[in-house]
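Novice:
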Amino acid sequence: MTSYDDVMRTIVELPEDQLRALDAWSRARGISRAEAVRRAVAHLLQDATQVRAAADAAFGLWRDREVDGLAEQERLRAEWDDR
Numbered sequence: 011m012t013s014y015d016d017v018m019r020t021i022v023e024l025p026e027d028q029l030r031a032l033d034a035w036s037r038a039r040g041i042s043r044a045e046a047v048r049r050a051v052a053h054l055l056q057d058a059t060q061v062r063a064a065a066d067a068a069f070g071l072w073r074d075r076e077v078d079g080l081a082e083q084e085r086l087r088a089e090w091d092d093r
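With my numbering applied, the sequence shown covers 11 to 93.
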């Protein structure tokens, strides 16, 4: 179990169906609701970090190419004009 130096208590309102599903998921893993929510938040933040890293990696992807990105896009789209 994780030790937390800085903690925050919060109240989260969940619809009954989500609460039942959360309870079942938590029981199946032998953890508390609070731990399940902490894990869900950690997973969400990890995913958000990965998405941001992918976006950052893609930014400026065309900067070292000799062709203008907009011109290339227009050329590719023009292929569909003849159809």
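C-beta atoms are modelled at their ideal positions from N, C-alpha and C, and glycine is treated no differently.
Expressed to the nearest angstrom, what Euclidean distance is found between the alpha-carbon atoms of Ala88 and Glu82?
Specialist: Going from the Cα of Ala88 to the Cα of Glu82 covers about 10 Å.
Novice: At which residues does the alpha helix (DSSP H) containing Arg43 begin and terminate?
Specialist: It spans Arg43 to Ala68 - the alpha helix (DSSP H) in which Arg43 sits, taken as one unbroken run.
Novice: Assuming Gly79 and Trp90 make a contact with CB atoms under 8 Å, what is their CB distance in whole Å?
Specialist: About 18 Å; that fails the 8 Å criterion.
Novice: Grab me the residues of Gln43's own chain with a C-beta within less than 8 Å of its C-beta, minus the 5 sequence neighbours each way, in chain order.
Specialist: First, the amino acid is wrong: residue 43 is Arg here, not Gln. Excluding sequence neighbours, Arg43 sits near Leu32, Asp33 and Ser36.
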